[in-house]
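All residue numbers for the sequence shown refer to this note's numbering, where the first residue is 279 and numbers rise by one.
Heads up, the thing below is written out as structure tokens.
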Amino acid sequence: MHQATPSILAAFVAYATTTPARACLIWEGRTTSYGELLSLAGDWAAAFTGMGVQRGDRVGLFLPSSPAFLGAYLGAQLCGAAVVLINTQYRQAELSHILADSAPRVVVTDEPGAALVAQAAESSQGAPATLRLPTGAPLPTTVHAGAGQSLLARLPDGLPQAGDLAILAYTSGTTGRAKGAMLTHGCLAANSAAVTTAWRWTASDRLLLTLPLFHIHGLGVGVHGTLLSGASLALWPRFEPDEVLQALASGASTLFFGVPTMYTRLIAAAQAAPQLARQAGQAVRLFVSGSAPLAPQTFAAFEQLFGQRILERYGMTETGMNLTNPYDGERRPGTVGMPFPGQEARVVDLQTRAPLPDGTIGEIQVRGPHVCAGYWRNPTATAEVFHPDGWFSTGDLGWRSADGYYTITGRARELIISGGYNIYPREVEETLLAHPGVAECAVFGLPDPEFGERVAAAIVPHDPATPPTAEELEAFCRERLAAYKRPRVVYHVASLPRNALGKVQKHELRAQLVV
Ligand code: MLC
Ligand code: AMP
Numbered sequence: 279m280h281q282a283t284p285s286i287l288a289a290f291v292a293y294a295t296t297t298p299a300r301a302c303l304i305w306e307g308r309t310t311s312y313g314e315l316l317s318l319a320g321d322w323a324a325a326f327t328g329m330g331v332q333r334g335d336r337v338g339l340f341l342p343s344s345p346a347f348l349g350a351y352l353g354a355q356l357c358g359a360a361v362v363l364i365n366t367q368y369r370q371a372e373l374s375h376i377l378a379d380s381a382p383r384v385v386v387t388d389e390p391g392a393a394l395v396a397q398a399a400e401s402s403q404g405a406p407a408t409l410r411l412p413t414g415a416p417l418p419t420t421v422h423a424g425a426g427q428s429l430l431a432r433l434p435d436g437l438p439q440a441g442d443l444a445i446l447a448y449t450s451g452t453t454g455r456a457k458g459a460m461l462t463h464g465c466l467a468a469n470s471a472a473v474t475t476a477w478r479w480t481a482s483d484r485l486l487l488t489l490p491l492f493h494i495h496g497l498g499v500g501v502h503g504t505l506l507s508g509a510s511l512a513l514w515p516r517f518e519p520d521e522v523l524q525a526l527a528s529g530a531s532t533l534f535f536g537v538p539t540m541y542t543r544l545i546a547a548a549q550a551a552p553q554l555a556r557q558a559g560q561a562v563r564l565f566v567s568g569s570a571p572l573a574p575q576t577f578a579a580f581e582q583l584f585g586q587r588i589l590e591r592y593g594m595t596e597t598g599m600n601l602t603n604p605y606d607g608e609r610r611p612g613t614v615g616m617p618f619p620g621q622e623a624r625v626v627d628l629q630t631r632a633p634l635p636d637g638t639i640g641e642i643q644v645r646g647p648h649v650c651a652g653y654w655r656n657p658t659a660t661a662e663v664f665h666p667d668g669w670f671s672t673g674d675l676g677w678r679s680a681d682g683y684y685t686i687t688g689r690a691r692e693l694i695i696s697g698g699y700n701i702y703p704r705e706v707e708e709t710l711l712a713h714p715g716v717a718e719c720a721v722f723g724l725p726d727p728e729f730g731e732r733v734a735a736a737i738v739p740h741d742p743a744t745p746p747t748a749e750e751l752e753a754f755c756r757e758r759l760a761a762y763k764r765p766r767v768v769y770h771v772a773s774l775p776r777n778a779l780g781k782v783q784k785h786e787l788r789a790q791l792v793v
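Below you can see the structure in the form of structure tokens.
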């Protein structure tokens with residue numbers, strides 16, 4: 279059934295109506311069935327409809343992981359609206375841009391989020407209505423359980439079509455301004471069908487999901503794969519390595535997905551409890567890593583402790599999952615495997631975009647039904663990377679081996695990946711430049727044993743006698759940007775090395791500053 283579904287929503291509704299008692303979500307020890315989650319989604323849909331949300335509108339979610347997140351997510355889609363995903367760490371700079379660009383009719387948030395949304399909306403035109411969710415509640419106090427019953431009685435009539443917009447997922451760009459990747463119901467369903475096929479995901483699987491739901495790894499891979507397979511999901515509000523190890527060893531889950539930082543922390547926990555690691559390795563049938571490169575040392579240490587090999591895959595917000603190591607064949611460390619079923623990939627020359635032979639490094643391009651429809655209201659950015667022949671330029675550099683395994687070697691665009699979160703230097707530079715003590719600055723990544731990379735900034739102060747301190751700059755960034763984007767290291771320099779065109783030579787700067 280699921281291969282042909284026009285949407286994850288349609289697959290979910292089908293399970294919820296034909297097998298309503300089937301377990302769907304486990305949260306804080308309580309199981310919610312497919313039928314119950316559909317009722318919750320219906321109540322959210324009624325709330326949105328009551329606020330004037332219509333087909334084609336946007337609904338922003340600025341919420342941490344919880345059953346309410348999923349209820350609101352599915353409820354917005356039941357109304358035919360697209361969901362705008364907003365990282366809960368975002369602050370004024372990111373929030374005001376996303377709200378202005380996506381123009382949601384309603385933003386759902388919790389108590390701490392409401393103040394931030396109000397503040398950000400001040401600087402953007404047309405503040406969205408806000409639906410406040412009390413901490414721990416499944417619904418806002420203004421909505422009563424059962425409100426969505428009449429709406430649900432009309433299902434599956436009027437469910438969104440494959441070409442309709444399901445999600446606007448903001449991903450940063452080299453300009454420093456995030457762009458909304460337009461993920462349609464069809465591309466999300468195609469992606470999930472490819473993932474569930476490749477990883478043999480079935481209704482009897484249970485995923486332990488500690489990734490946040492506001493990015494494509496947690497939502498598009500974890501939640502969608504579960505709903506498409508009719509499987510179940512143990513959702514946690516955050517990743518705690520010791521507790522995750524205990525839970526995995528208990529045998530309650532068959533799948534675990536994480537970013538490399540989660541695996542390095544899990545390995546540290548396992549070193550103190552090797553017996554639990556063995557049990558977890560026997561109980562869980564598949565561990566997947568993605569969103570950032572998995573170091574071969576982490577791969578080896580994990581195999582030694584857990585007795586199984588992590589499956590590394592490669593994806594992007596704009597495309598969902600692109601490349602995967604094989605489920606049955608060799609999971610090769612340092613590589614991201616091959617295209618998922620029904621998808622294509624190739625390596626091309628950066629300038630000419632001509633395909634390159636195996637073994638040669640170039641830019642990775644991908645093509646298939648999983649690629650999104652372009653960037654929201656941004657035809658220029660869309661034309662740069664979405665080509666008329668269907669190929670999408672990922673901006674990642676890599677090569678393909680003669681037997682078909684892809685290896686990522688770097689990035690064509692400037693990007694720092696810290697703990698699986700993307701940070702565009704330009705955005706941090708723009709923020710630092712707004713500080714009165716900063717005349718010039720350059721932001722770049724440094725290797726970090728825990729997060730993969732960490733943010734460093736070189737600052738040319740306005741007044742060398744009283745340069746802004748690292749603490750001052752950190753606090754300044756923290757107020758305006760997500761905390762993980764702030765510089766962890768600040769260097770004071772007299773000038774920045776530039777080439778003849780005036781472009782800052784970051785490799786030179788890094789070599790000068792880091793010994
Ligand atoms: C948190 N902090 C980070 C950070 N995460 N700093 C740098 N990089 C990170 N990734 C900082 C916080 O700002 C805070 O600082 C302090 O660490 C503690 O915060 P926390 O919330 O307690 O952090 P923790 O729970 O330890 O988070 C670490 C983590 C998290 C690895 C669990 O970063 C995480 O969930 N990462 C996953 C991101 C993800 O889902 N990426 C997928 C994108 S989609 P302070 O100073 O304020 O205390 C994608 C496509 C694909 O990439 O292929 O999947
Ligand atoms: P995002 O824009 O947040 O979706 O992040 C996508 C980026 O994460 C990709 O363009 C890659 O640079 C990176 N990425 C994802 N998975 C991997 C991986 N397995 N190895 C290396 N980089 C990865």
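Ideal placement from N, C-alpha and C gives every residue a C-beta, glycine not left out.
Bear in mind that the values here come from a model prediction, so they are computed numbers and not experimental data.
Taking Cβ positions, are residue i and residue j nearer each other than 8 Å?
i, j, result
"Ala-323", "Val-337", "no"
"Gln-621", "Ala-472", "yes"
"Pro-418", "Ala-325", "yes"
"Cys-755", "Ile-737", "no"
"Leu-487", "Gly-498", "no"
"Tyr-699", "Gly-615", "no"
"Ala-476", "Tyr-368", "no"
"Val-362", "Ser-374", "no"
"Leu-795", "Glu-596", "Here the chain covers residues 279 to 793 and nothing more, so residue 795 does not appear."
"Ser-343", "Pro-490", "yes"
"Ala-547", "Pro-519", "yes"
"Ser-470", "Ile-304", "no"
"Ala-561", "Leu-526", "yes"
"Leu-348", "Leu-315", "yes"
"Pro-611", "Pro-574", "yes"
"Tyr-312", "Ala-294", "yes"
"Leu-791", "Val-706", "no"
"Arg-383", "Gly-330", "yes"
Within 10 angstroms of the Cβ of residue i, are there 16 or more other Cβ atoms? Answer buried if so, exposed if not.
i, result
"Gln-439", "exposed"
"Leu-779", "exposed"
"Thr-283", "buried"
"Met-279", "Low confidence applies to Met-279: its pLDDT is 40, below 50, so where it sits in the model is not reliable enough to give any reading."
"Glu-728", "exposed"
"Glu-786", "exposed"
"Gly-688", "exposed"
"Thr-777", "The sequence shown places Asn at residue 777, rather than the Thr named in the question. Exposed, since its Cβ has fewer than 16 Cβ neighbours within 10 Å."
"Arg-764", "buried"
"His-493", "buried"
"Gln-557", "buried"
"Glu-372", "buried"
"Leu-710", "buried"
"Thr-297", "exposed"
"His-502", "buried"
"Pro-619", "exposed"
"Gly-676", "buried"
"Ala-444", "buried"
"Pro-725", "exposed"
"Pro-745", "buried"
"Thr-387", "buried"
Tell me where the beta strand (DSSP E) around residue i begins and ends.
i, result
"His-770", "767-770"
"Thr-297", "Thr-297 -> no beta strand (DSSP E), and no H or E assigned at all."
"Trp-669", "Here Trp-669 belongs to no beta strand (DSSP E), and DSSP marks it neither H nor E."
"Val-738", "730-739"
"Ala-459", "457-462"
"Ser-428", "Run containing Ser-428: none in the beta strand (DSSP E); it sits in the alpha helix (DSSP H), 427-431."
"Ala-407", "407-411"
Counting along the chain, where does the alpha helix (DSSP H) carrying residue i start and finish?
i, result
"Asp-388", "Counting along the chain, Asp-388 falls outside any alpha helix (DSSP H), though it belongs to the beta strand (DSSP E) covering 384-388."
"Pro-746", "Segment: none, Pro-746 is in no alpha helix (DSSP H) and carries neither H nor E."
"Arg-788", "784-791"
"Gln-643", "Per DSSP, Gln-643 belongs to no alpha helix (DSSP H); it is in the beta strand (DSSP E), 640-645."
"Ile-376", "370-380"
"Phe-584", "574-584"
"Asp-321", "312-328"
"Leu-443", "Per DSSP, Leu-443 belongs to no alpha helix (DSSP H); it is in the beta strand (DSSP E), 443-449."
Any beta carbon of chain B sitting closer than 8 Å to that of residue i?
i, result
"Leu-356", "Any reference to chain B falls outside this structure, which holds one protein chain only."
Contact the stretch 646-663 vs the stretch 460-478: 3+ CB pairs below 8 Å: yes
Completely contained beta strand (DSSP E) runs for the stretch 471-551, where each covers 3 or more residues: 484-487, 510-513 and 533-536
Uninterrupted alpha helix (DSSP H) stretches inside the stretch 648-730 (no shorter than 4 residues): 657-663 and 703-711
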